[in-house]
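> With the sequence shown counted from 1, adding 35 to any position gets you this note's numbering.
Think of the CB as a built atom: it goes at the ideal place given N, C-alpha and C, for glycine as much as any other residue.
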Amino acid sequence: MRSSILRFASFNFTSRQAGIFYTLLSGLLFGLLGYFGMSLINAQLSVYNAQFWRFLISAICLSLMLLPSLSKTSIAKIELFKLFLCGSFFYSSCAIFYFQASKHIGSGLAMIIFYTYPVMVMITNKMVFHISISKIYYPVVLMIACGLILLTNGSINKNLNLSGILFSLIAAFLYALYILCGKKSPVPPLPASLMLCLGCLPTCFLAAWLDQSFSVPNGFHNWINLLGLSILCTALPIMCLLKGLQYLNTVQASILSVLEPIFVLLFGVLLLGEQINLIQMAGVIVLLCGAFLSLLF
36 MRSSILRFAS FNFTSRQAGI FYTLLSGLLF GLLGYFGMSL INAQLSVYNA
86 QFWRFLISAI CLSLMLLPSL SKTSIAKIEL FKLFLCGSFF YSSCAIFYFQ
136 ASKHIGSGLA MIIFYTYPVM VMITNKMVFH ISISKIYYPV VLMIACGLIL
186 LTNGSINKNL NLSGILFSLI AAFLYALYIL CGKKSPVPPL PASLMLCLGC
236 LPTCFLAAWL DQSFSVPNGF HNWINLLGLS ILCTALPIMC LLKGLQYLNT
286 VQASILSVLE PIFVLLFGVL LLGEQINLIQ MAGVIVLLCG AFLSLLF
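(1) With three or more beta-carbon pairs closer than 8 Å as the criterion, would you say the stretch 247-261 touches the stretch 207-218?
(2) Just the C-alpha distance for residue 100 and residue 327, rounded to the nearest angstrom, thanks.
(3) Would you mind working out which of 200, 331, 242 sits nearest residue 85, comparing C-alpha positions?
(4) How many angstroms separate the CA atom of residue 138 from the CA atom of residue 201?
(5) CB residue 140 to CB residue 69, shorter than 9 Å?
(6) So, at 7 Å on beta carbons, what are the nonlocal neighbours of residue 207 in its own chain, with the 5 sequence-adjacent residues on each side left out?
(7) Judging by CA-CA distance, which residue of 55, 61, 96, 76 is the nearest neighbour of residue 232?
(8) Does chain C have any CB closer than 9 Å to the CB of residue 248?
(9) Taking all protein chains shown into account, decide if residue 269 is buried (16 or more other Cβ within 10 angstroms of its Cβ) or exposed.
(10) Return helix, strand or coil for residue 166, following the three-state DSSP convention.
(11) Using a 10 Å radius around the Cβ and a threshold of 16 neighbouring Cβ atoms, would you call residue 49 buried or exposed?
(12) With hydrogens ignored, establish whether the beta-carbon of residue 151 is closer than 8 Å to any heavy atom of the ligand SAH.
(13) Determine contact between the stretch 168-188 and the stretch 311-327, defined as no fewer than three beta-carbon pairs at a distance below 8 Å.
(14) May I have a chain-ordered list of the alpha helix (DSSP H) segments no shorter than 4 residues that lie completely inside the stretch 255-287?
(15) Just how far apart, CA to CA, sit residue 123 and residue 310?
(16) Let me confirm a value: residue 77 is counted as buried when at least 16 other C-beta atoms fall within 10 Å, else exposed. Which label applies?
(17) Secondary structure at residue 330, three-state DSSP: helix, strand or coil?
(18) Quick check: what's the CA-CA separation for residue 330 versus residue 55?
(19) Compare the C-alpha of residue 230 against each of 304, 60, 93 and name the closest.
(20) With three or more C-beta pairs closer than 8 Å as the rule, is the stretch 168-179 touching the stretch 106-113?
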């Protein structure tokens with residue numbers, strides 16, 4: 036599975052096209068989060084508990100994929116430890132803050148604020164790494180914001196809560212740091228994905244324990260949904276995004292990954308029977324135009 040997915044683009048596309056392919060594939064797979072996540076929530080599995088089992092199963096699957104090439108893999112332990120910390124402090128914490136933000140201000144506004152992380156990637160690149168920002172990204176960011184507002188179709192909680200807004204901004208900043216760490220790391224995508232998932236485990240376990248919701252899931256359907264959540268929505272998309280970052284700069288990759296809500300909407304229609312209206316379709320078009328514009332330079 037690993038060779039067929041991670042090597043496909045290398046044989047058929049230029050490096051830039053390969054980066055676009057992997058990043059879009061990552062967004063497509065992440066788009067299934069809503070389907071598997073809602074199935075588990077409807078089965079009364081807590082978010083924190085589901086997150087722990089999600090990353091545990093992902094780590095097991097990635098370990099099995101890495102096993103055949105383990106003897107040939109030589110990676111500095113300090114680099115692996117950095118990725119472990121990245122998973123603990125950035126990736127898993129981002130998910131927790133985003134969930135808390137959704138509870139305070141609703142999923143619509145939380146999503147709009149969270150997907151400002153490409154802006155935070157740009158600002159961090161400018162201030163920390165002294166990388167200049169192309170002016171073409173300014174209208175792109177504006178288009179993305181407009182597209183996300185249309186995509187939520189007015190489902191924004193008007194009772195604004197400062198804590199919720201702050202949680203969303205923290206989640207966006209943490210995700211931006213995760214993308215920057217993924218770009219800077221010399222570790223190949225497969226072991227890097229494994230260390231990220233392992234790093235998420237202690238944070239998610241602590242959250243589930245504090246929430247008093249930790250338990251071993253039961254029922255065949257729950258485990259099927261957990262497998263889907265872990266493999267299709269976690270292990271593979273993380274690996275694909277890290278692979279895409281090998282070919283694209285962090286700003287382009289982060290902007291392309293903002294297309295994920297489109298895939299969420301698509302799978303919601305196909306798998307959950309949700310309805311889509313003209314306003315949301317307009318949001319899809321604006322988001323696609325913004326992403327396309329970002330790739331012209």
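This is what the structure holds:
(1) No, because fewer than three Cβ pairs between the stretch 247-261 and the stretch 207-218 fall closer than 8 Å, the two stretches do not touch.
(2) Position 65 of the sequence shown, counted from the first residue, corresponds to residue 100. Position 292 of the sequence shown, counted from the first residue, corresponds to residue 327. Computed Cα separation, rounded: 34 Å.
(3) Taking the first residue of the sequence shown as 1, we reach residue 85 at position 50. Of the candidates 200, 331, 242, the one whose C-alpha sits nearest the C-alpha of residue 85 is 242.
(4) Counting from one through the sequence shown, the residue named residue 138 turns up at place 103. Counting from one through the sequence shown, the residue named residue 201 turns up at place 166. So the alpha carbons of these two residues sit roughly 13 Å apart.
(5) Numbered from its first residue, the sequence shown carries residue 140 at position 105. Numbered from its first residue, the sequence shown carries residue 69 at position 34. No.
(6) In the sequence shown, residue 207 corresponds to position 172, counting from 1. The answer, listed in chain order, is 148, 149, 151, 152, 155.
(7) What you label residue 232 is simply residue 197 of the sequence shown in a count that begins at 1. Nearest of 55, 61, 96, 76 to residue 232, Cα basis: 96.
(8) Among the chains in the structure shown there is no chain C, since it carries only a single protein chain.
(9) On the sequence shown, position 234 is the one that residue 269 refers to. It is buried - the Cβ of residue 269 has at least 16 other Cβ atoms within 10 Å.
(10) Locating residue 166 in the sequence shown gives position 131, counting from the first residue. The three-state secondary structure of residue 166, taken from DSSP, is coil.
(11) For the purposes of this step, residue 49 is taken as residue 14 along the sequence shown, with counting starting at 1. Burial state of residue 49 is exposed, judged by a 10 Å Cβ sphere holding fewer than 16 other Cβ atoms.
(12) The ligand SAH is not among the ligands present in this structure, which contains no ligands whatsoever.
(13) Result yes; three or more Cβ-Cβ pairs closer than 8 Å.
(14) Listed in chain order, the complete alpha helix (DSSP H) runs (minimum 4 residues) inside the stretch 255-287 are 255-262, 271-279.
(15) As a position in the sequence shown, residue 123 is number 88, starting the count at 1. As a position in the sequence shown, residue 310 is number 275, starting the count at 1. Residue 123 and residue 310: Cα-Cα distance of roughly 37 Å.
(16) Within the sequence shown, numbered from 1, the residue matching residue 77 stands at position 42. Burial call: exposed.
(17) For this step, residue 330 is matched to residue 295 along the sequence shown. If DSSP states are grouped into helix, strand and coil, residue 330 belongs with coil.
(18) Within the sequence shown, residue 330 is the residue found at index 295, counting from 1. Within the sequence shown, residue 55 is the residue found at index 20, counting from 1. Between the alpha carbons of residue 330 and residue 55 lies a gap of roughly 9 Å.
(19) For the purposes of this step, residue 230 is taken as residue 195 along the sequence shown, with counting starting at 1. Comparing Cα-Cα distances from residue 230 to each of 304, 60, 93, the minimum goes to 93.
(20) At 8 Å Cβ cutoff, the stretches do not touch.
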